[in-house]
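This report concerns only the one structure given below.
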Amino acid sequence: MFVSAFARASIFRIIGKNRMNQSGYLTLRIQRRFFLFLLLPLLALLEGCSTNPATGEQNFTAFMSQEKELEIGQQEHPKILKNHNGVYERETMLRYVARVGSLLASHSELPDLQFHFTILNDDIVNAFALPGGYIYITRGLLALAENEAEVAGVLAHEIGHVTARHTAQRYSQAMATNLGLAVLGAVVGNQAVSQAAGFGAQAWLQSYSRDHEMEADQLGVRYMTRAGYDPKGMETFFKKLEKHKRLQSLMAGKDGKEEYSLMSTHPRTSDRIRQAIALARKNGAPDGARLGRDAYLAIADGMLYGDDPKQGLRKGRDFIHPDLNFKFTVPPGFNLFNSTSKVLAKGPDEATIIFDRADPKLDHRDTPMTVYIRDFWVPRLAVNGLELLSVNGMEAATAKAVISTDNGKQDLRLVAFRHPDAVYRFAFVTPPQVTGALETEFRRTTYSFNTLTEQQRRNAQPLRIGVISVHKGDTPQKLSSTLPFEERKLEWFELLNMNLSHRDLRPGDKVKVIVH
Ligand code: ZN
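The working numbering puts the sequence shown at residues 6 to 521.
Structure below.
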């Protein structure tokens with residue numbers, strides 16, 4: 006809906022700008038329909054191009070003005086925050102990223118555009134830009150960086166997407182190639198699907214074309230060298246991303262959020278980044294410019310790594326929420342994903358567990374949990390097997406139903422708990438052929454739901470990045486032995502410290518580790 010309403014508004018403006026005189030509003034209204042179906046393609050060809058501020062080339066941006074870009078940025082910003090656990094409120098780091106970003110932006114072709122740099126409180130590794138100068142970088146990405154030039158490389162690339170107006174081009178091209186409802190439907194559909202799942206890219210954040218990636222790299226290298234950074238930071242960080250992706254998929258219980266990462270929103274190859282750097286060198290970029298290792302490590306020391314306990318901690322198959330005072334365990338083979346409003350666990354054969362809290366505005370203190378399920382949670386579903394339970398001293402209830410989804414009929418098992426502070430609930434969704442096999446495991450998950458002991462609450466501490474000095478006799482093996490990973494500790498250590506030569510660690514060298 007959002008996209009189609011927006012398309013109408015843009016068409017209105019194009020006509021208004023190009024075809025109207027001062028007294029022409031009446032004519033406009035009459036002719037609007039004509040333009041839509043007959044004249045629009047012609048208009049687009051005649052008037053749709055603008056001079057790209059970054060590249061100086063003529064680009065087709067008919068369906069999105071620079072004012073509109075700013076409007077989209079402002080409008081989408083709160084949604085981005087909501088989908089990524091808000092801002093990572095670490096004052097020193099926010100100021101640092103804003104300073105590096107502003108320095109780069111001041112060397113761009115749009116030095117007067119008000120850029121906004123935000124660190125998202127999300128442990129996925131990603132960075133992206135909204136039109137209008139909104140640049141986002143996750144704390145998951147910052148935990149991997151080793152020096153200022155690597156951070157600058159990511160920010161400069163995103164600034165490049167903004168200054169070259171890639172979103173406006175992509176959007177306008179999509180609109181011109183096919184004004185039919187199919188395209189709008191697809192865009193709106195994707196957005197609805199990803200929002201329903203609680204995370205995922207918005208339509209504005211879908212991946213860029215290879216040409217746009219190449220262009221953003223070239224512009225990024227340009228801004229880096231102008232600002233005095235060694236553009237090699239862009240290359241080393243990209244290598245790190247490739248290694249991170251490999252390592253994550255090698256680990257047992259790999260994180261499915263990988264699908265939405267810097268690699269997927271910005272598809273590119275190390276080859277192209279090297280080309281961009283070679284080109285910059287040929288054009289007179291200085292060698293041996295600033296890397297800023299010490300400056301960055303001082304900032305990164307102590308930053309959160311992995312889950313923020315405020316949103317709940319995933320530890321293997323356990324989910325623990327110290328603030329809301331509960332925990333539960335999902336079956337073997339299920340991977341946990343945490344979003345702002347719910348916790349998902351994906352298992353084999355599309356089996357899914359959805360955990361969330363009933364609307365806290367409604368007071369269910371006097372509602373039996375059986376009545377809650379039937380009359381408040383799923384009033385429009387025909388439930389059967391409604392049953393009252395007692396789970397770890399809490400009143401609970403369960404029921405079954407069958408639902409129709411895009412993937413056909415699915416079995417639904419519902420469980421609601423009266424926790425001391427709120428009503429919490431599980432929805433177990435399974436294709437009918439696997440329901441029976443998972444029944445016992447789902448019962449175990451149901452009975453694992455409990456409040457926390459004082460000890461468990463104390464143990465629910467987040468992980469942090471620590472910067473330590475190498476002592477005489479320290480080896481990568483020794484330093485990696487304390488990392489909180491089940492396996493491949495040495496590889497994680499090498500990933501966190503990729504720019505150091507590991508055969509030759511010298512006393513006094515600073516390295517990153519992960520600490521409790
Ligand atoms: Zn990109």
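In this text, a Cβ means the ideal position worked out from N, Cα and C, and glycines have one as well.
All values derive from a computational prediction rather than experimental measurement.
Pairwise C-beta distances place the stretch 453 to 468 in contact with the stretch 314 to 329, as three or more of them are shorter than 8 Å. The Cβ neighbour count for GLN316, taken over all protein chains shown within 10 Å, is at least 16; the residue is labelled buried. Boundaries of the beta strand (DSSP E) around ILE473: 468 to 474. Contact annotation: THR451 and ALA356 have beta-carbon atoms that are not nearer than 8 Å.
By the neighbour-count definition (other C-beta atoms within 10 Å, threshold 16), GLY441 is an exposed residue.
Below 8 Å, enough C-beta pairs join the stretch 477 to 488 and the stretch 510 to 521 to call them touching: three or more. In the assembly as shown, PRO236 is a buried residue. Its beta-carbon has 16 or more other beta-carbons within 10 Å. ASN90 is positioned such that its CB atom lies closer than 8 Å to that of ASP127. When the alpha-carbon of ARG251 is set against those of ILE519, TRP497, VAL516, the nearest one is in TRP497. In this model, ALA110 and ASN412 are separated by some 46 Å (Cα to Cα). Annotated three-state conformation of PHE431 is strand, per DSSP.
If you draw a straight line from the Cα of GLY398 to the Cα of PHE447, it comes to about 19 Å.
Looking only at PRO437, PRO373, GLU400, the smallest Cα-Cα distance to THR410 is reached by PRO437. Exposed is the label assigned to GLU96, since fewer than 16 other Cβ atoms lie within 10 Å of its Cβ.
A Cβ-Cβ distance of about 6 Å is found for the pair PRO58 and THR168, placing them in contact under the 8 Å criterion. Just so you know, the alpha carbons of SER55 and GLY225 end up roughly 21 Å apart.
In chain order, LEU393, GLU400, ALA402 place their CB closer than 8 Å to the CB of PRO373, counting only its own chain and leaving out the 5 sequence neighbours on each side. When rounded, the separation of the alpha-carbon atoms in VAL348 and LEU341 is 7 Å. In the pairwise beta carbon analysis, the stretch 459 to 475 is classified as not touching the stretch 413 to 427: fewer than three pairs are separated by under 8 Å.
With contacts defined by Cβ atoms closer than 8 Å, ILE164 and TYR228 form a contacting pair.
In the DSSP secondary-structure assignment, GLU392 is bridged to THR403. VAL520: member of the beta strand (DSSP E) spanning 515 to 520, first to last residue.
Every beta strand (DSSP E) stretch that sits fully inside the stretch 305 to 378 and reaches 3 residues is listed by chain position as 318 to 320, 323 to 326, 331 to 334, 340 to 343, 348 to 351, 357 to 362. In the structure shown, LEU510 falls within a coil segment according to DSSP collapsed to helix, strand and coil. According to the DSSP assignment, ASP216 belongs to no beta strand (DSSP E) but to the alpha helix (DSSP H) extending over 215 to 231. Residue environment analysis places ILE85 among the buried positions, since at least 16 neighbouring C-beta atoms fall within 10 angstroms of its C-beta. Between GLU151 and ASN504, the gap from beta carbon to beta carbon is short of 8 Å. Boundaries for THR456: no alpha helix (DSSP H) harbours it, and the DSSP string shows neither H nor E there. Residue state for TYR101 is assigned as helix, using DSSP reduced to three classes.
Distance from the Cα of GLY307 is smallest, within the candidate group ILE470, MET239, LYS332, for ILE470. Around the C-beta of VAL407, fewer than 16 other C-beta atoms lie within 10 Å, and the residue is accordingly described as exposed. Using a Cβ distance threshold of 8 Å, VAL472 and ALA300 do not count as a contacting pair. Relative to the ligand ZN, TYR213 has its C-beta within less than 7 Å of a heavy atom.
The C-beta distance from ILE129 to VAL102 rounds to 17 Å, too long to meet the 8 Å contact threshold. The three-state secondary structure of LEU386, taken from DSSP, is coil. Membership of LEU160 in the alpha helix (DSSP H) is indicated by the continuous run 153 to 168.
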